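So the protein sequences, as listed, match chains E and F.
When you read off a place in the first sequence, starting at 1, and then add 208, the result is the number in this note's numbering.
When you read off a place in the second sequence, starting at 1, and then add 469, the result is the number in this note's numbering.
We put the beta carbon where it would ideally sit given N, CA and C, even for glycine.
Only a predicted model underlies this, so the values are computations on that prediction, with no experimental measurement involved.
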Amino acid sequence: MELKEKLIILADSAKYDASCSSSGSNRTSGKDGIGNAVSYGICHSFASDGRCISLLKILMTNSCIYDCKYCLNRRSNNVRRAIFTPEEICEVTINFYRRNYIEGLFLSSGIVKSPDYTMELMIRAVSMLRNKYHFGGYIHAKAIPGASKRLLKDLGNLVDRLSANVELPTENGLKLLAPNKSQNEVSEIMDYVKNNQSRKYVPAGQSTQMIIGATGESDLEVIQRSENMYDNYKLKRVFYSAYIPVNKDNLLPALDKPPLVRENRLYQADWLLRYYNFKVSDLLNKDNPNFNILIDPKADYALRHLDEFPKEINKCSYYELLKVPGIGVVSAKRIMSSRRNFTIKFEDLKRMGIVLKRAKYFITCDGKYFIDGKFFRKDFIEANLVLEDRIPEIKSLEQLSLFNE
Amino acid sequence: MSKVYIYDGDFLSLLKLIYYLVNNGIKPDDIKDDMYFPSLLEEVINLSFDNQDEVIKIFVNSFSKDIFKTLYYVFLSGDGRKELIIYYFCLNAFKYGKSIIYRRNLKCVSEVLRISEYVNHENHKFKGFLRFRELENKVLYAEIEPVNNILYFLTIHFMKRLKNEYFIIKDVGRGILSIYDKNKFVIVREDEFLIATDSSSEEEEKIEELWKLFYNTIGISARKNDRCRMNFMPKRYWKHMLEVRDLL
């Protein structure tokens, strides 16, 4: 089989993995080496679906002894199979890297013969890249559940990020759709990586991925699982992947479109947990277990806790600023450093580069609301927030109808 | 007649001029480099200064290294009013000292920060979007058309990354090239250094095809989203990116 055919098959099989970040590592290469990794990460292109391309994302092989229901490469599917040799992986990586197409390699794999055998092949490829080609760029490898600790150690010493996918948010979901995999095996990997992480071992930390919408979990169950994993395994990221039907199976839901809005809400909530000091209980509870599709989780929180608002920009604490819809970490820091030097008014905020589209409903500047204070009411704010979100949509509809006439 | 003050075109002579203007309480109508072609209604004033290296020290001590670097980023921008913006910033900076950088309610400060962030951002984008091609003699060659003059910072990035390669990056719009020889780099004007760039190495076509195949495979068609792609990767970059230039 020609190299380009292999590349098509093995990139096509890898594309459903959402992770493509290249951040968190500061690696350099030796005297004869090529490449480095920078902690802020670099996107090299964006695919037709708008997702970042940072790494050469491929499977080593799409052959697999497992039969996970949702997976294109399950044993029972009749698809073309291919396997890269270590030399081929190195050749493509180095040639792409020299031309600045990529930041490094993302290597995952179907399982051939056994987890250990598969990991050994992956280690051979990655080790060749590091030691023969002296490659100092970013490498993210997927650990194969069930492989032995010895191999986790070897692979982790070579890569920047080592991760294992939990695949589905709950153990029951996993049993149903991926009967060959077990949650324990994934937890063991995460535990091992967490306990051994250092500047030499998996310096960029670990991440994981869950498929959203293939099984019946609520958003509360999903986000609770994430919170647990962030707490227990010090994960850098949890990726959420809207379920896309590639197989027909009685156990799988029939969806017309992947649940992309839901996926987006989960990412927004995830950021709130990691950077904005929110707890899951601030966002969802048993009576209210799913995110509002119309309004983002932070605005939804603000509307449900309107008694905490409006916040006075010149007085409230950093964490209170972060609770304001439309104010992110950069804006909050900017406000904190500015107000030590002058009293911030509405017109200053604009000049400071702070977007008021959402924030204006939830703040006062030097005691003043952006319009008459009597409009600080839930129904008014809610209607306007929903409208603001729909303005681009409405505008593009107007343009369409103009063209039609 | 409006008064336009002329400097030599480099950052230090701009700072020397600004220092002179501030010290003597002169408010210029504009400041331009020596390539400037004045209109009939403008009076051009060309001052010459002795070698006053201590000016750098005065700036660094009065503000901070970070602010100094921020001003250099503004200087590299493609903004036509950049000299005047830097002048007004310095005028206020001599008054407020280091805290000037937090006074975003002043227009000169918000402009300086906005422009320097833009230059920094564009530099970051090109770290990813730049594409090298391998010439017949194995030299890597790339063409870029940035709005701002980021060639210096961009070359430093690639010098660390591809230290054992020969490479050339050409800023097409400005007609300048940076040339790296596995040891150090120089920036020259295109008429000072002629190279044939139409040849390709034996492998080049094969690798480019592989990249295009990979690019076209990795997008998920059920998630197709042109607007999102364009937000992250605006079309002005596409001309020099081989995976999307044919879509233009």
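Residue burial classification, residue i (beta-carbon count within 10 angstroms, cutoff 16)
{"i": "K383/E", "result": "exposed"}
{"i": "D508/E", "result": "buried"}
{"i": "V594/E", "result": "exposed"}
{"i": "E471/E", "result": "buried"}
{"i": "H348/E", "result": "buried"}
{"i": "F583/E", "result": "exposed"}
{"i": "N515/F", "result": "exposed"}
{"i": "N270/E", "result": "buried"}
{"i": "N612/E", "result": "At N612/E the pLDDT is 47, less than 50, meaning the model places this residue with poor confidence; the figure from the coordinates comes in the next sentence. Label assigned to N612/E: exposed."}
{"i": "D715/F", "result": "exposed"}
{"i": "F701/F", "result": "exposed"}
{"i": "I579/E", "result": "exposed"}
{"i": "F588/E", "result": "exposed"}
{"i": "I689/F", "result": "buried"}
{"i": "K541/E", "result": "exposed"}
{"i": "E213/E", "result": "exposed"}
{"i": "Y484/E", "result": "buried"}
Endpoints, beta strand (DSSP E) assigned at residue i
{"i": "Q417/E", "result": "415–420"}
{"i": "N617/F", "result": "Element bounds for N617/F: n/a, residue is neither H nor E."}
{"i": "V655/F", "result": "654–658"}
{"i": "N515/F", "result": "511–515"}
{"i": "F314/E", "result": "312–316"}
{"i": "A349/E", "result": "346–350"}
{"i": "R482/E", "result": "First-last for R482/E: 468–483, but that is the alpha helix (DSSP H), not the beta strand (DSSP E)."}
{"i": "S531/F", "result": "First-last for S531/F: 523–531, but that is the alpha helix (DSSP H), not the beta strand (DSSP E)."}
Cross-strand partners of residue i (DSSP beta bridge)
{"i": "N270/E", "result": "Paired residue(s): none; N270/E is not in a bridge."}
{"i": "S546/F", "result": "Paired residue(s): none; S546/F is not in a bridge."}
{"i": "L491/E", "result": "Partner(s): none; L491/E has no beta bridge."}
{"i": "N496/E", "result": "N493/E"}
{"i": "T301/E", "result": "None; T301/E has no bridge partner."}
{"i": "D640/F", "result": "I613/F, I645/F"}
{"i": "L264/E", "result": "L313/E"}
{"i": "D502/F", "result": "Y476/F"}
{"i": "E375/E", "result": "M418/E"}
Closer than 8 Å at the beta carbon, the chain F residues around residue i
{"i": "K265/E", "result": "I687"}
{"i": "V538/E", "result": "Neighbours of V538/E on chain F: none; closest Cβ ~10 Å, over 8 Å."}
{"i": "M209/E", "result": "Near M209/E there are no residues of chain F at all, since even the closest Cβ is about 14 Å away, more than 8 Å."}
{"i": "P466/E", "result": "A691, R692"}
{"i": "K173/E", "result": "Nothing about residue 173/E can be reported from this structure: the residues present for chain E run from 209 to 613 only."}
{"i": "R559/E", "result": "R573, N574, K576, S579"}
{"i": "K223/E", "result": "T686, I687, G688, I689"}
{"i": "N303/E", "result": "E672, I676, L679"}
{"i": "D556/E", "result": "R573, N574"}
{"i": "S356/E", "result": "Within 8 Å Cβ-Cβ: nothing; S356/E doesn't reach chain F, min ~32 Å."}
{"i": "S233/E", "result": "None at all; the shortest Cβ gap to chain F is about 14 Å."}
{"i": "S546/E", "result": "Y571, R572, R573, N574"}
Under 7 Å by beta carbon: chain F residues contacting residue i
{"i": "F550/E", "result": "R572, N574"}
{"i": "M268/E", "result": "Simply none; closest approach about 15 Å."}
{"i": "I242/E", "result": "L631, N633"}
{"i": "I617/E", "result": "This structure cannot speak to residue 617/E, because chain E is shown only from 209 to 613."}
{"i": "A219/E", "result": "F683, T686, I687"}
{"i": "V300/E", "result": "L679"}
Neighbour list for residue i in chain E, Cβ cutoff strictly below 8 Å
{"i": "S609/F", "result": "The amino acid occupying residue 609/F in the given sequence is Leu; Ser does not appear at that position. Neighbours of L609/F on chain E, chain order: R306, R307."}
{"i": "Y684/F", "result": "S253, A255, I261"}
{"i": "R698/F", "result": "F254, A255, S256, D257, G258"}
{"i": "F701/F", "result": "C251, F254, G258, C260"}
Limits of the unbroken alpha helix (DSSP H) element including residue i
{"i": "L483/F", "result": "480–492"}
{"i": "F622/F", "result": "620–630"}
{"i": "K558/E", "result": "554–559"}
{"i": "F447/E", "result": "No alpha helix (DSSP H) contains F447/E, which is instead part of the beta strand (DSSP E) from 445–450."}
{"i": "L560/F", "result": "551–565"}
{"i": "P323/E", "result": "323–335"}
Chain-ordered neighbours of residue i on chain E, where CB pairs are closer than 7 Å
{"i": "E712/F", "result": "S253"}
{"i": "S568/F", "result": "N549"}
Beta-carbon neighbours of residue i, restricted to chain F and to distances below 9 Å
{"i": "I452/E", "result": "I689, A691, R692"}
C-beta neighbour in chain A for residue i, strict 8 Å
{"i": "N392/E", "result": "Here the protein chains are E and F, and chain A is not one of them."}
- Message: Any C-beta of chain F within less than 7 Å: which residues of the segment 247–258 of chain E qualify?
- Response: Only I250, C251, H252, S253, F254, A255, S256, D257, G258 from the segment 247–258 of chain E bring a Cβ to less than 7 Å from some Cβ of chain F.
- Of the residues that make up the segment 537–563 of chain F, which ones have a beta carbon closer than 7 Å to any beta carbon in chain E? Listed in sequence order: no entries.
- Task: Could you name the residues of the segment 317–336 of chain E whose beta carbon sits closer than 7 Å to any beta carbon of chain F, in the order they occur along the chain?
- Result: Listed by position along the chain: nothing, the set is empty.
- Query: Mind listing which residues of the segment 583–601 of chain F have their C-beta closer than 9 Å to chain E's C-betas, in chain order?
  - Reply: For the segment 583–601 of chain F, which is checked against every Cβ of chain E, the residues closer than 9 Å are R583, E586, H593, K594, K596, G597, F598, L599, R600, F601.
- Below 7 Å between beta carbons is the criterion; list the residues of the segment 491–506 of chain F that meet it against any residue of chain E, in chain order. Result list empty, no residue passes.
- Query: Going along the segment 424–438 of chain E in order, which residues come within less than 8 Å of chain F, judged by CB to CB distance?
  - Reply: Along the segment 424–438 of chain E, none of the residues has a CB nearer than 8 Å to a CB of chain F.
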